Amino acid sequence: MLRMVETAAAWAIPLILLVIPLLGCLKRVPVYETFVEGAAEGFQTAIRIMPFLIAMMVAINVFKASGAMDAVITCLKPGLLLLKVPPELVPLAVMRPLSGTGALGITTDILHTYGADSLVGRTASTILASTDTTLYILTVYFGSVGIKKIRYAMGVGLFGDFVGFMAAVYYCQVFFKG
Amino acid sequence: MINIIWVGMLVIGVIVGGMSGRIEQVTAAALQASEAAVSLSFKLIGVMSLWLGIMKIADKSGVIRLCTWLIRPLTRWLFPSIPKDHPALGAIMMLLSANALGLGNAATPLGLKAMQELQKLNMDKETASDAMCTLLALTTAGFTLIPATVIALRSAAGSLGPTEIVATTLMASLTANCAVILCDKCCQRFFGDRGRH
Chain A
97 MLRMVETAAA WAIPLILLVI PLLGCLKRVP VYETFVEGAA EGFQTAIRIM
147 PFLIAMMVAI NVFKASGAMD AVITCLKPGL LLLKVPPELV PLAVMRPLSG
197 TGALGITTDI LHTYGADSLV GRTASTILAS TDTTLYILTV YFGSVGIKKI
247 RYAMGVGLFG DFVGFMAAVY YCQVFFKG
Chain B
62 MINIIWVGML VIGVIVGGMS GRIEQVTAAA LQASEAAVSL SFKLIGVMSL
112 WLGIMKIADK SGVIRLCTWL IRPLTRWLFP SIPKDHPALG AIMMLLSANA
162 LGLGNAATPL GLKAMQELQK LNMDKETASD AMCTLLALTT AGFTLIPATV
212 IALRSAAGSL GPTEIVATTL MASLTANCAV ILCDKCCQRF FGDRGRH
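As structure tokens, this is what we get:
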């Protein structure tokens, strides 16, 4: 199992780099020129999302550094504990939709404190792997095309994070306990 | 919505920071975060160019058209507002596969490409269309087949079975995806943009 998944993960990108240009050649596409033509768009796209990234990352980091994030975690704790969420995972639940690096940091910390093969460690890994940084995606995706009114997208995204989080907690308890 | 959240985080952050005597940390965080955001977007230039280049080859050689055709029943149901054979479907297909393969940040350029295609179909350029909301819902729920980053993280932390979490990840992300698709369909029913596409 480990071998297979590791091989698949290691080969994913190289295979794409092999198969697509090769198919292009077979179809007589001028692959080199086509690649360069496409790659030229990369610069503008990256620069276009920069202001949105700055705005969001500054706000999130101010919120974190001021201690307001800890206050939110303390507020949400009783509710999440009622839902049978292990207390060690509460900070991860709050951080996951807001900041990818923050969530990565918390998970690394959990893995080292409780052990990667503990129930908490496995659950934290599952949470990190199965959900995504909703706020980053909303900011960057909508920002890049100039959408200002995002309607219900934020609500749906956060709802998905919550369901993913609870599902990870539940499945890990069923799979790994006992 | 995003305005309120942004201002809210800043205002609450500064007030709480002032009250708890962490105002210097707040200053440092703001300055460091702006720098980090710039270096992140510069780091993204490389991967973005790489994937957009590869995608162009895939596009011209017909790979995208083939894959899009294969998953058409699914995309027709999820994105009823996108016309048949529109390039947006190809971009969406690429994004979802990149996410499933666990490409992480490398998937972002494909997502932005998909958004640009959807924006062409959008009547009101400042308001998100139904299709955009569906795409965002699917992306934020992140359907993952190979959680490469987490496996590496677990290995580094000395796990005896770094891939044990693949099955639970698959089930959790399937559950989350079903939930957001349902939720998105309901939202479209209730707040769907009538009169537009």
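As they're listed, the protein sequences go chains A and B.
Going by our numbering, the first sequence opens with residue 97, and the numbers climb by one from there.
Going by our numbering, the second sequence opens with residue 62, and the numbers climb by one from there.
Ideal Cβ positions, reconstructed from N, Cα and C, are used throughout, including at glycine.
For clarity, every value in this text was computed on a predicted model and none was experimentally measured.
Under the three-state reduction of DSSP, K181/B is assigned to helix. The Cβ atoms of T230/A and D257/A sit closer than 7 Å to each other.
Annotation: the continuous alpha helix (DSSP H) that includes H208/A extends over 196-210. Taking a beta-carbon distance threshold of 7 Å, G74/B counts as an interface residue toward chain A. Residue pairing by DSSP places K245/A opposite T188/B in a beta bridge. Counting only runs of 3 or more residues that sit fully inside the segment 98-157 of chain B, no beta strand (DSSP E) segment turns up. Neighbours of K246/B across chain A, judged by C-beta separation under 8 Å, do not exist; the nearest C-beta is about 10 Å away. Around the CB of P208/B, 16 or more other CB atoms lie within 10 Å, so the residue is classed as buried. The beta carbon of A189/A does not come within 7 Å of any beta carbon belonging to chain B, so the residue lies off that interface. In the three-state reduction of the DSSP assignment, L162/B falls in the coil class, being assigned neither a helical nor a strand state. In this structure, A135/A lies near G114/B, with their beta-carbon atoms less than 7 Å apart. The alpha-carbon of T204/A is positioned some 19 Å away from that of M165/A. Neighbourhood of K244/A in chain B, by CB distance below 7 Å: E187, in chain order. Scanning A161/A, V115/A, T130/A, R99/A for the CA closest to the CA of Q93/B turns up A161/A. Distance check between C268/A and each of G239/A, G251/A, A249/A, L215/A places L215/A closest, using alpha-carbon atoms only.
Counting only the Cα atoms, S110/B lies some 28 Å from A249/A. Look at A218/B here: in three-state DSSP terms it is coil, with no helix or strand label. Contact residues of the segment 111-127 of chain B toward chain A are L111, W112, L113, G114, I115, M116, K117, I118, A119, D120, K121, S122, G123, V124 (C-beta to C-beta distance below 9 Å).
Of all C-beta pairs linking the segment 143-154 of chain B to the segment 122-131 of chain B, three or more are shorter than 8 Å, placing the two stretches in contact.
For S234/B, the three-state secondary structure derived from DSSP is helix.
By alpha-carbon distance to E178/B, the top candidate from S240/A, G201/A, V190/A is S240/A. Within the same chain, Cβ atoms closer than 8 Å to the Cβ of L224/A are found at L188, R192, A199, L200, T203, the five residues on either side in sequence being excluded.
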